[in-house]
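Notes follow once the structure below has been shown.
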Amino acid sequence: MIGAGLSGITAGILLPIKVPGIELTIFDKNADVGGTWYENIYPGVRCDIPANVYQSTFEPRTQWTEEYAQGAEIRDYWQNLAKKYNLRKYLKLGHKVVGNNWDGTTGKWTVSVEPQHGEAYQETFDVVITAIGRFNAWKLPDYPGVSDYQGHLRHSSNWDPNFDPAGKIVAVIGNGASGIQVVPNIQPIVKHLDHYARSKTWIAGSFGGEGGGRRLEPNYYAEELLKSFHDPDTYFTFRKELETKFYKRFGNLFRGSELNAGMREDFIKLMAERLKKKPELLDSIVPDFSPLCRRLTPGPGYLEALTENNVSFITTPISHFTKEGIVTTDGIERKVDAIICSTGANIDVIPPFPIIANNSDLRTVWQPDPITYLGLATPSFPNFLFIQGPNAAGQSGTVPNQVETQITYIAKLLRKVSTQGIKSFAPSQAATDDFVAYCDAFFPKTVLSENCSSWANGGRPGGRIHGHWPGSASHVNFVRRDPRWEDWEWEIKSESRNRFAWFGNGWTQKEATGEGDLTPYLKRPDQIDLRSYHEEWFEGS
Ligand SMILES: Cc1cc2nc3c(=O)[nH]c(=O)nc-3n(C[C@H](O)[C@H](O)[C@H](O)COP(=O)(O)OP(=O)(O)OC[C@H]3O[C@@H](n4cnc5c(N)ncnc54)[C@H](O)[C@@H]3O)c2cc1C
Ligand SMILES: NC(=O)c1ccc[n+]([C@@H]2O[C@H](COP(=O)([O-])OP(=O)(O)OC[C@H]3O[C@@H](n4cnc5c(N)ncnc54)[C@H](OP(=O)(O)O)[C@@H]3O)[C@@H](O)[C@H]2O)c1
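If you count the sequence shown from 1, position 441 lands on 1137 in our numbering, and the numbers rise without skipping.
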């Protein structure tokens, strides 16, 4: 496994339980786990959906300090989970993966690793799973002159904790979710802020239509409510109601729908209200494309910050950097003490290291578009799986839940591989082509295919969508519930090529060792649910 963000942590918990006998190694280039929430420490970093739903479904924390928790609290939650489930034994922290090579003869991947301390080395694995995050490979813009700039230059995902913006002239480039969080959080303390926003964007109330909406100040829970959450039934009811709202938003996504039109109206009202000190800004911010073409951004305090006298809102494209600042295409140079680039990540999702199998590098195969089977794997790249890969995550719903269900699907594949003598497996080209054709027919019905730049379309307005599953979050959970084994190609290990070589000598292990329950199916009748009776994989041999 490559990556120990919330995906790698969840996999580190679930896979050893769901895949008996798995020998798991989790590499992460960072010194600790947490991924996004370990790396992002810029001012104002916090969850923009309620923390009560942005958490594991099986390890609910009931006592979140704030409704929209700050980054550090989310980081602590996932780090504590890693400790609780003793993931240390699988983790190789400070280990950056720099290459992956498939050997079809041995059926193994050679993974090249650069540890923070010590020599580079290689290790072989039967299966590689990436959980490297969609936003982890952050990118500085490549304008001419970037390297000439002599002030403080950082990406917001690489925030320097020793940098104090107070009293400085600062530029913030980008109005994605990160830029929108940075701007209002530094505006009150900087001398002047130049905010470069080359695209228009919608500012939403709350993300899931939940509660009273967002504001810049912390939304603390009432003490009484937090106390009531100590009762598991009360908390369960609270979370279920809240999380259900996040699984209900899918209808907003369709072109020409009343729901989407309603969002547009609501957001314009909200944006006008928040910009009332400088109403002339509204036209330069309200987009022509529909809400949800780009990911929604609640952006509490963002529009209000733009109306302050120490902020210049600059929509003219950047031409180049100089020693002292930034020049826009109209020739104006603005000198600044610091430039914060909230310019996002590798939105083409090209992996940041080579992945080579059958004489091809996935980085080439995925151009111009990353192609997967159900967001999980790519043909001709055997034994290589993705968590949160291209087209993996459904609109609406929550990230942690969808990560859990993806991992459960992967566990089913790995159980087959480990019990049935499989040497290699990959999705068939035909099944993948059908999935891609389905995606290509589905997305034009949605606002995602409208004329906006977003990470979902690789920054190409109207381009192919690889940021989302072609359906809702409930839909992807349903579709990936049971693997369609016929969509996968399998090569068996046995030299006899007999598909049943794994039957062995006819005895089960429990019988051979005399250990274990030979009648796991016997339960108290009142505890039997006939729908799942005899269908639990762990009942078996
Ligand atoms: C600032 C920010 C705020 C966000 N807020 C929200 C939010 O409010 N709600 C929401 O739903 N989503 C949010 N997201 C999206 C968020 O990224 C996902 O929800 C989730 O955290 C992804 O988890 P992950 O484990 O898949 O990836 P990540 O958290 O990105 O973790 C990937 C891990 O892979 C490791 N890795 C990468 N390359 C290598 C390599 N070559 N070798 C070894 N290790 C490697 C990284 O070090 C990292 O630890 C936010 C993203 C950002 C950037
Ligand atoms: N909890 C939160 O609130 C939160 C916070 C941060 C991130 N996130 C998650 O992470 C995702 C990524 O957010 P992000 O803000 O880091 O990235 P992003 O959404 O991809 O936004 C990047 C921004 O930088 C601009 N940009 C990129 N290259 C540029 C260049 N060369 N010159 C000028 N502008 C440039 C983009 O403009 P164009 O659109 O014109 O390309 C865009 O405005 C979010 O969508 C969200 O899922 C969530």
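Where a beta carbon is used, it is the ideal one built from N, C-alpha and C, also for glycine.
For residue i, the first and last residue of its enclosing alpha helix (DSSP H)
| i | result |
| --- | --- |
| Leu711 | 702-714 |
| Val1061 | 1058-1061 |
| Ala1053 | Ala1053 -> not in any alpha helix (DSSP H); beta strand (DSSP E) instead, spanning 1051-1053. |
Span of the beta strand (DSSP E), counted from its first residue to its last, around residue i
| i | result |
| --- | --- |
| Ala867 | 865-869 |
| Glu1146 | Looking at the DSSP string, Glu1146 is not in any beta strand (DSSP E), and its letter there is neither H nor E. |
| His1164 | Where His1164 is concerned, there is no enclosing beta strand (DSSP E), given that its DSSP letter is neither H nor E. |
| Phe1009 | 1007-1010 |
| Ala1034 | 1034-1037 |
| Trp1186 | 1184-1188 |
| Glu1029 | 1029-1031 |
| Arg850 | 848-851 |
| Trp798 | 791-799 |
| Leu889 | 888-892 |
Whole-angstrom distance between residue j and residue i, CA atom to CA atom
| i | j | result |
| --- | --- | --- |
| Trp1233 | Ala1169 | 25 Å |
| Tyr943 | His926 | 25 Å |
| Asn854 | Ala1088 | 26 Å |
| Leu1070 | Gly829 | 17 Å |
| Ser1008 | Ala727 | 38 Å |
| Ile899 | Thr993 | 5 Å |
| Thr1142 | Leu949 | 6 Å |
| Arg991 | Lys1206 | 51 Å |
| Leu1058 | Ala700 | 22 Å |
| Gly800 | Ile718 | 21 Å |
| Asn1153 | Arg1160 | 6 Å |
| Thr1128 | Trp1181 | 13 Å |
| Gly814 | Pro1221 | 58 Å |
| Ser895 | Ile1043 | 16 Å |
| Ile737 | Gly767 | 7 Å |
| Ser1150 | Val793 | 28 Å |
| Pro1096 | Gly847 | 39 Å |
| Ala884 | Lys973 | Residue 884 is actually Pro in this sequence, not Ala. Roughly 16 Å separates the two Cα atoms. |
| Asn1079 | Leu977 | 52 Å |
| Ser953 | Thr1024 | 38 Å |
| Pro739 | Ser1124 | 46 Å |
| Val715 | Tyr781 | 16 Å |
| Gly1200 | Asn1173 | 35 Å |
| Met967 | Val982 | 8 Å |
Rounded distance between the beta-carbons of residue j and residue i, thought under 8 Å
| i | j | result |
| --- | --- | --- |
| Gly1163 | Gly1040 | Their Cβ separation, rounded to whole angstroms, is 12 Å, which puts Gly1163 and Gly1040 out of contact at 8 Å. |
| Ile705 | Val729 | 6 Å |
| Leu710 | Glu1100 | 7 Å |
| Leu912 | Pro996 | 5 Å |
| Pro1066 | Val1045 | 5 Å |
Residue closest to residue i, alpha-carbon to alpha-carbon, out of the options
| i | options | result |
| --- | --- | --- |
| Pro837 | Thr1011, Ile1035, Ser1124 | Ile1035 |
| Glu769 | Gly997, Thr753, Val794, Thr732 | Thr732 |
| Glu920 | Lys974, Tyr931, Ala893, Phe1049 | Tyr931 |
| Ser980 | Lys941, Trp834, Arg911, Leu999 | Leu999 |
| Lys923 | Thr761, Gly1200, Lys1119 | Thr761 |
| Ser1145 | Ala1126, Asp1130, Pro1166, Phe1131 | Pro1166 |
| Asp890 | Thr897, Ala968, Val878 | Val878 |
| Gly1117 | Leu1109, Arg771, Ile885 | Leu1109 |
| Ile722 | Val809, Thr758, Pro996, Gln759 | Val809 |
| Ile1022 | Asn776, Pro840, Tyr817, Val794 | Pro840 |
| Gly1158 | Asp1178, His1171, Asp1136, Asn1173 | Asp1136 |
| Asp962 | Thr1024, Ala1107, Pro861, Ser986 | Ser986 |
| Gln818 | His791, His851, Val842, Ala827 | His791 |
| Val823 | Trp834, Leu1002, Pro1047, Ile1051 | Ile1051 |
| Asp844 | Thr1018, Arg935, Ala873 | Thr1018 |
| Lys1031 | Val866, His851, Asn1055 | Val866 |
| Gly863 | Lys887, Ile876, Ser852, Ile882 | Lys887 |
| Asn1005 | Asp984, Asp1026, Thr1074, Leu971 | Leu971 |
Hey, which unbroken runs of the beta strand (DSSP E) at 3 residues or more fall wholly within the segment 810-843?
817-821, 824-826
Whole alpha helix (DSSP H) runs in the segment 964-1016 with 4 or more residues, listed along the chain?
978-981, 998-1002
For the segment 896-960, list the alpha helix (DSSP H) runs that are entirely contained and at least 4 residues long, ordered along the chain.
919-924, 928-942
Complete runs of the alpha helix (DSSP H) confined to the segment 1073-1133 [at least 4 residues]
1095-1115
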